[in-house]
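Only one structure is covered here, and it is reproduced in the block below.
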RNA sequence: UGGGGCGUGGCCAAGUGGUAAGGCAACGGACUUUGAAUCCGUCAAUCGCACGUUCGAAUCGUGCCGCCCCAGCCA
């Protein structure tokens with residue numbers, strides 16, 4: 198890549214920094230990034246943003262991208278999560294080569310470097326209790342004070358540290374600390390803990406270790422071992438950067454550059470692993486992959502595409518300002534992607550029967566219907582039409598308001614790709630509820646075109662009664678009712694912001710017969726309603742669709758205005 | 001009240017001394033066999049506030065205000 202090509206890649210402040218480093222040869226013109234999840238939960242849309250930056254930069258610069266688990270705390274981490282995370286990263290389409298990396302694989306090297314620091318007199322074994330360490334650390338406004346164990350000799354520290362590793366001491370009895378500055382205004386530099394004793398088996402290392410490295414100590418070393426050039430993380434680590442740099446400098450080893458960016462926040466959503474876990478464990482949702490969850494697994498099940506999510510991430514930009522992205526932008530990204538790629542189909546969520554009195558009783562016509570009116574290359578299919586069809590219950594009104602131009606007494610409407618039909622009368626049950634609407638049709642309007650060119654404003658979707666397939670449809674809505682779910686009164690929790698109507702299960706929906714063999718994951722647009730996909734719970738006897746997202750609904754807006 | 005960050009339209013976000021990009025949302029209108037999509041148009045005399053420097057400031061200086069993060073043997 199020459200300089201002119203590089204300049205074009207400088208589209209945000211991080212890429213600009215990378216461009217500078219490539220130009221100056223700081224890392225031999227290499228670019229290598231990494232995504233370092235801790236395997237203690239599922240990935241969510243916030244991780245998709247981080248991935249889009251980490252992996253996206255490696256991709257744009259023709260560099261390498263590492264997927265590396267930051268698994269330094271055996272008590273919080275589980276194997277199940279690593280599989281799910283790997284799966285999600287692949288699904289999003291990011292290429293991390295053929296190896297999944299683990300920070301824990303570097304434990305031995307880290308240990309050797311710790312001994313080096315001890316020998317250099319820059320790390321010591323501290324016997325203070327956790328409570329004492331906290332007291333000695335001082336506060337935001339008062340400086341800390343030195344531990345009485347701070348000046349142990351290097352040989353003594355080495356001996357103690359080796360015995361820590363050998364398992365001679367109980368948990369919490371001792372730690373290894375870096376000897377930096379207990380008076381630093383940056384609390385992270387007040388002799389941070391490097392190793393703690395944990396008599397816990399590790400998900401990959403088994404019982405090999407009983408001392409485990411802390412994040413600040415481990416992270417830069419992992420980056421250095423992997424020859425990462427740019428270690429990108431969220432703003433929360435800004436204050437840790439001096440420490441990241443300090444360890445690498447004292448060791449005198451390869452030194453990547455850490456750059457921080459703002460995490461993603463989104464309206465009507467919570468994005469913290471802790472809270473997501475609470476939703477799962479409290480049974481507020483059906484699991485990590487519940488379609489209402491902001492997890493990648495949930496969104497995938499909901500019908501969101503990787504392209505939509507990546508497009509969203511690219512669209513929100515990268516900056517260092519804390520911001521809350523409007524969930525409407527995510528929804529826009531999803532509709533935008535689905536609109537161009539997904540076939541159209543007719544399905545009725547709330548059916549009411551129409552009988553076309555002047556249409557022969559046994560006749561069936563197979564109408565040729567485009568799979569995507571704007572994209573003829575997606576082909577056509579044959580859809581059966583007969584005397585009795587279902588339409589949407591709210592596509593008929595006996596006493597319609599202004600601007601309603603669907604079926605009503607005295608009206609003629611178009612049945613999409615079929616015929617123009619005119620209202621005749623209605624049949625009710627003893628409670629007065631409508632059970633059938635009777636119409637007549639214009640036999641010369643086959644295909645839906647008026648032979649005389651008369652204007653017909655309303656166009657309805659429909660499904661032939663004898664051919665219709667029964668389906669369950671799960672209508673999902675936002676999980677939370679408030680823009681900021683955490684904005685609750687004192688003593689209350691975000692659970693109270695939960696939307697009680699976030700899931701509505703409809704049974705007895707009538708879908709087009711072409712959906713007969715649709716496989717789980719199949720996406721389509723139910724015309725005039727929204728985008729849907731087949732849920733994995735589907736089986737031969739039971740078709741189940743998830744509503745991914747509604748179509749924009751201008752009529753709903755007009756109605757709202759009319760009612761005011 | 002220590003330290004580190006951040007403040008550009010309802011929401012993101014460009015802009016780095018030469019007179020406020022773009023997207024989302026919203027609102028009009030055109031088109032329409034999806035009230036979808038598409039298309040066209042409207043939407044910041046002003047960049048947290050106040051002084052100052054300059055021919056000229058969102059961009060530089062000073063002061064103030066507001067918001068976020070840090071006191072795990074979590075990451």
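Residue numbers (my numbering): 198 to 761.
We put the CB at the ideal spot given by N, CA and C, even for glycine.
As the structure is a computational prediction, the values presented were derived from the model and not from experiment.
Beta carbon of residue i nearer than 9 angstroms to that of residue j
| i | j | result |
| --- | --- | --- |
| residue 411 | residue 269 | yes |
| residue 474 | residue 491 | no |
| residue 343 | residue 379 | yes |
| residue 669 | residue 618 | no |
| residue 234 | residue 258 | no |
| residue 589 | residue 726 | yes |
| residue 599 | residue 592 | no |
| residue 207 | residue 427 | no |
| residue 710 | residue 673 | no |
| residue 429 | residue 239 | no |
| residue 635 | residue 552 | yes |
| residue 487 | residue 498 | yes |
| residue 712 | residue 561 | no |
| residue 613 | residue 566 | yes |
| residue 660 | residue 708 | yes |
| residue 495 | residue 485 | yes |
| residue 253 | residue 227 | no |
| residue 728 | residue 759 | no |
Top-ranked residue by Cα proximity to residue i, from the options
| i | options | result |
| --- | --- | --- |
| residue 348 | 323, 361 and 329 | 323 |
| residue 742 | 756, 546 and 555 | 546 |
| residue 461 | 513, 356, 505 and 714 | 513 |
| residue 358 | 309, 401 and 405 | 309 |
| residue 526 | 464, 582, 540 and 555 | 464 |
| residue 677 | 671, 686 and 694 | 694 |
| residue 415 | 603, 739 and 307 | 307 |
| residue 249 | 495, 212 and 543 | 212 |
| residue 540 | 515, 226, 289 and 576 | 576 |
| residue 395 | 413, 389, 381 and 373 | 373 |
| residue 402 | 489, 300 and 499 | 300 |
| residue 360 | 303, 407, 627 and 389 | 407 |
| residue 275 | 400, 222 and 304 | 400 |
| residue 640 | 715, 481 and 611 | 611 |
| residue 386 | 371, 404 and 336 | 336 |
Close-in-space but distant-in-sequence residues of the same chain around residue i (CB under 8 angstroms, 5 per side omitted)
| i | result |
| --- | --- |
| residue 502 | 531, 534, 535, 538 and 720 |
| residue 517 | 210, 432, 457, 458 and 459 |
| residue 524 | 463, 464, 465, 466 and 675 |
| residue 369 | 326, 327, 393 and 394 |
| residue 366 | 360 and 394 |
| residue 273 | 235 and 237 |
| residue 554 | 621, 635, 636 and 637 |
Same chain, Cβ closer than 7 angstroms to residue i, neighbours up to 5 away in sequence not counted
| i | result |
| --- | --- |
| residue 643 | 616 |
| residue 319 | 375, 376 and 447 |
| residue 279 | 236 and 266 |
| residue 383 | 436 and 439 |
| residue 445 | 417, 421 and 452 |
| residue 424 | 229 and 451 |
| residue 224 | 218 and 426 |
| residue 216 | 203, 204, 206 and 207 |
| residue 489 | 482, 495, 673, 676, 699 and 700 |
Rounded distance between the beta-carbons of residue j and residue i, thought under 8 angstroms
| i | j | result |
| --- | --- | --- |
| residue 293 | residue 264 | 4 angstroms |
| residue 389 | residue 271 | At roughly 20 angstroms, the Cβ-Cβ gap does not stay under 8 angstroms, so residue 389 and residue 271 are not in contact. |
| residue 363 | residue 316 | Actually they do not touch by this definition, with Cβ atoms about 18 angstroms apart. |
| residue 321 | residue 354 | 5 angstroms |
Proximal residues to residue i (C-beta, below 6 angstroms), its chain only, five neighbours per side dropped
| i | result |
| --- | --- |
| residue 519 | 459 |
| residue 290 | 503 |
| residue 286 | 264 |
| residue 624 | 632 and 633 |
| residue 733 | 717 |
| residue 262 | 230, 252, 255 and 293 |
Proximity test, residue i beta-carbon vs the ligand MN heavy atom, cut-off 8 angstroms
| i | result |
| --- | --- |
| residue 561 | Among the components of this structure there are no ligands whatsoever, and the ligand MN is therefore not found. |
>> For the structure I just gave you, are there three or more beta carbon pairs, one from the stretch 501-512 and one from the stretch 238-252, closer than 8 angstroms?
In response: yes
> Three or more C-beta pairs closer than 8 angstroms, one from the stretch 647-666 and one from the stretch 438-458: is that the case here?
Replying inline: no
> Hey, is the stretch 607-614 in contact with the stretch 731-746, meaning 3+ C-beta pairs nearer than 8 angstroms?
Replying inline: no
> Are the stretch 672-682 and the stretch 625-637 touching by the rule of at least three beta carbon pairs closer than 8 angstroms?
Replying inline: no
> Does the stretch 718-732 come within contact of the stretch 687-705, defined as at least 3 CB pairs closer than 8 angstroms?
Replying inline: no
> Using 8 angstroms as the threshold, is the stretch 576-591 in touch with the stretch 654-665, meaning 3 or more CB pairs across them?
Replying inline: yes
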